[in-house]
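*Asks:* The numbers in the numbering used here rise by one with no breaks, and the one at position 139 of the sequence shown is 908. Even for Gly, the Cβ is constructed at its ideal location relative to N, Cα and C. These numbers were taken from a predicted model, which means no experiment stands behind them. I have a structure I would like to understand better, so I am pasting it below and will then ask my questions one at a time.
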Amino acid sequence: MEVISNRTSVVKNDKDLSIVISASADKRKNNLLLAWLVAWTLCGGYIIYNYFQLTDNKMKVMTLIWIAFWLYFEYTIAKAWQWKRFGKEVIKVKDGKLSMKRDIQGRGIVYSFDARHISDIRKFEDKTPGWLKKLGEEYWSIGGESLSFRHEQSEIKFGFQLSGDESGQLISLLKYYVKMNAAVKEEK
Numbered sequence: 770m771e772v773i774s775n776r777t778s779v780v781k782n783d784k785d786l787s788i789v790i791s792a793s794a795d796k797r798k799n800n801l802l803l804a805w806l807v808a809w810t811l812c813g814g815y816i817i818y819n820y821f822q823l824t825d826n827k828m829k830v831m832t833l834i835w836i837a838f839w840l841y842f843e844y845t846i847a848k849a850w851q852w853k854r855f856g857k858e859v860i861k862v863k864d865g866k867l868s869m870k871r872d873i874q875g876r877g878i879v880y881s882f883d884a885r886h887i888s889d890i891r892k893f894e895d896k897t898p899g900w901l902k903k904l905g906e907e908y909w910s911i912g913g914e915s916l917s918f919r920h921e922q923s924e925i926k927f928g929f930q931l932s933g934d935e936s937g938q939l940i941s942l943l944k945y946y947v948k949m950n951a952a953v954k955e956e957k
């Protein structure tokens, strides 16, 4: 096994490549995110508890709208914490296919792509307006894809919040192994 960084490791042989990218290595930030989640949950729970004490219908409607927003952000923060704590991206190039999985404690959907139809493996250039882009790269969100490739007509993004050095090394490895596996697939 070759370690590229404290988050990224690679296992390779003649034909196959396996890359594991851990979501986060910063325990301090993970603990702060958990504290935020707990505080958010307690505050929302208190508002929900008090909702049942309300008598004014207009106040009940306003509180229900607030609870809907609260639930959305509760879900977003919980999902981000779970990803940062337990998540990893698993990328494998094997038998003429590239497969990807965003794994959280063994769960996740595996997406497979035929290596013959993969092209333009590169650093992802986000064309989102500046403030939206920055919002997606914050620690409390799941986002900030660093790499992408074309598969048929789609752009596939992956590699959350990688450094420039990590991105460069992974691009080189992926280009080599995808090209080799595409050739193997054509021979069969």
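#1: Taking 9 Å as the threshold (C-beta atoms), are W852 and A792 in contact?
#2: With distances taken Cα to Cα, identify the nearest neighbour of V780 among I817, L806, G912, L943.
#3: How long is the line joining the alpha carbons of S935 and E894, rounded to whole angstroms?
#4: Between the Cα of K926 and those of N819, Y946, I887, spot the shortest distance and give me the residue it belongs to.
#5: Assuming K866 and I790 form a contact by the criterion Cβ under 8 Å, report the distance between their Cβ atoms to the nearest whole angstrom.
#6: For the candidate residues R871, K827, G813, whose alpha-carbon lies nearest to that of K848?
#7: For T777, collect the residues of the same chain with a Cβ closer than 6 Å to its Cβ; drop the 5 residues on either side in sequence, then sort them by chain order.
#8: State the DSSP-derived secondary structure class of S941, mapped to helix, strand or coil.
#9: Let's see if you can read the secondary structure: which residues bound the beta strand (DSSP E) around F855?
#10: On the premise that V862 lies in contact with D785, defined as a C-beta separation below 8 Å, what is that separation, rounded to the nearest angstrom?
#11: Just verifying my parser: in three-state terms, what is the DSSP assignment at S936?
#12: Considering only C-alpha positions, which residue in the set G913, Y945, K829, K948 is nearest to L931?
#13: Identify the continuous alpha helix (DSSP H) that holds K796 and give its terminal residues.
#14: Looking only at its chain, what residues have a beta carbon closer than 6 Å to the beta carbon of M770, apart from the 5 residues adjacent to it on each side?
#15: Suppose you measure from the CA of G813 to the CA of L833; what does that come to, to the nearest Å?
#16: Can you tell which of G928, T810, Q822, I817 has the C-alpha that lies nearest to the C-alpha of V859?
#17: Using the rule of at least 16 other Cβ atoms within 10 Å of the residue's Cβ for burial, across every protein chain shown, is Y946 buried or exposed?
*Replies:* By the coordinates alone:
#1: yes
#2: L943
#3: A small fix is needed here, since residue 935 is Glu in this sequence, not Ser. Rounded to the nearest angstrom, the two C-alpha atoms are 16 Å apart.
#4: I887
#5: Not really, about 19 Å apart at Cβ, beyond 8 Å.
#6: R871
#7: I790, E935
#8: helix
#9: That residue, F855, is in no beta strand (DSSP E); its alpha helix (DSSP H) goes 826-855.
#10: 7 Å
#11: helix
#12: G913
#13: 796-820
#14: S778, V780
#15: 11 Å
#16: G928
#17: buried
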